[in-house]
Structure formats: C-alpha cells, structure tokens
Amino acid sequence: MRPNRYPYSGMKKHSTVRAVRVFEKAFVNFVAENIRQSIKAKQELNKASEKFYQLCH
Numbered sequence: 141m142r143p144n145r146y147p148y149s150g151m152k153k154h155s156t157v158r159a160v161r162v163f164e165k166a167f168v169n170f171v172a173e174n175i176r177q178s179i180k181a182k183q184e185l186n187k188a189s190e191k192f193y194q195l196c197h
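Under our numbering, the first residue of the sequence shown carries the number 141, and numbering increases by one thereafter.
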C-alpha cells in the first residue's frame, strides 16, 4: 500500500480523482455563469432595440 504523504516533506498527497472532480465542478459553474450572462446581455439588447424602434416609428 502506498503512503498518504510525500517522503521527507510531511505534505499530504492529494487524490487525482479529487482534483479532477474539483476542476469539473469549477468548470461547470464557470460555463453556467457565462450562459446566464449571455442570456442577460441578449435580453438587454432586445429591450434596447425595442425602445430604439419605438422612438424611430
């Protein structure tokens, strides 16, 4: 069985699977936030274009 610590340093080893899970969670949150911001920007653009159209006609 492999030790849980690096030799001579006393630092704990981190599981690769755990690191991948943390990365995946952060990436999913990043993508979700970008989608929310994109939807919000499109809604604001539509609202502004509707106001502009009403002012011109």
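Where a beta carbon is used, it is the ideal one built from N, C-alpha and C, also for glycine.
In this text, all values refer to a predicted model and were calculated from it rather than measured experimentally.
As assigned by DSSP and simplified to three states, the class of residue i
i	result
S189	helix
S178	helix
CB contact below 9 Å: residue i versus chain C
i	result
A159	No chain C appears in the structure shown, which is made up of a single protein chain.
Same chain, Cβ closer than 8 Å to residue i, five either side skipped, listed in chain order
i	result
T156	none
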